[in-house]
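Q: For the sequence shown, the working numbering begins at 24 and goes up steadily by one. A virtual CB, placed ideally from N, CA and C, is assigned to each residue, including glycine. I'd like to ask some things about the structure below.
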Amino acid sequence: MSSSKNNFLDLIAAEIKEFYGIIIPVYTQEQKIVYTLSESFSGLFQKKLYVYFLSGKAIDYRERYFIFGFTF
């Protein structure tokens with residue numbers, strides 16, 4: 024990877040850390056890691072953060088809301 028791509032990928036990890044307070048691993052073999060951000064009413068309402076990886080670096084993330092097990 025070129026250094027500009029590495030800088031961009033580092034910005035994604037820094038953005039996740041700043042907005043959500045989650046430290047992304049420097050290198051992982053996982054393709055996706057799911058973090059639960061909040062949970063209400065015994066898990067009926069959930070807010071989760073999906074972080075997608077390629078070659079050990081975070082390349083994308085999405086915030087998902089679940090109500091009664093359905094995604095919004």
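1) Along the chain, where does the beta strand (DSSP E) that runs through Phe89 open and close?
2) How many whole angstroms separate the CB atoms of Tyr73 and Tyr84, which I take to be in contact at a CB cut-off of 8 Å?
3) According to the Cβ coordinates, are Thr59 and Gln69 closer than 9 Å?
4) Can you tell me whether Lys55 is buried or exposed, with buried defined as 16 or more other CB within 10 angstroms of its CB?
5) Looking at Ala37 and Lys80, is the spacing between their C-beta atoms short of 9 Å?
A: Taking the coordinates as given:
1) Here residue 89 corresponds to residue number 66 of the sequence shown, with the count starting at 1. Per DSSP, Phe89 belongs to the beta strand (DSSP E) from 80 to 90.
2) Working through the sequence shown from its first residue, we reach residue 73 at position 50. Working through the sequence shown from its first residue, we reach residue 84 at position 61. At roughly 6 Å, the Cβ-Cβ gap stays under 8 Å, so Tyr73 and Tyr84 are in contact.
3) On the sequence shown, position 36 is the one that residue 59 refers to. On the sequence shown, position 46 is the one that residue 69 refers to. Cβ distance < 9 Å, so Thr59 and Gln69 count as in contact.
4) For the purposes of this step, residue 55 is taken as residue 32 along the sequence shown, with counting starting at 1. Exposed, since its Cβ has fewer than 16 Cβ neighbours within 10 Å.
5) Translated into positions along the sequence shown, residue 80 becomes position 57. Translated into positions along the sequence shown, residue 37 becomes position 14. No.
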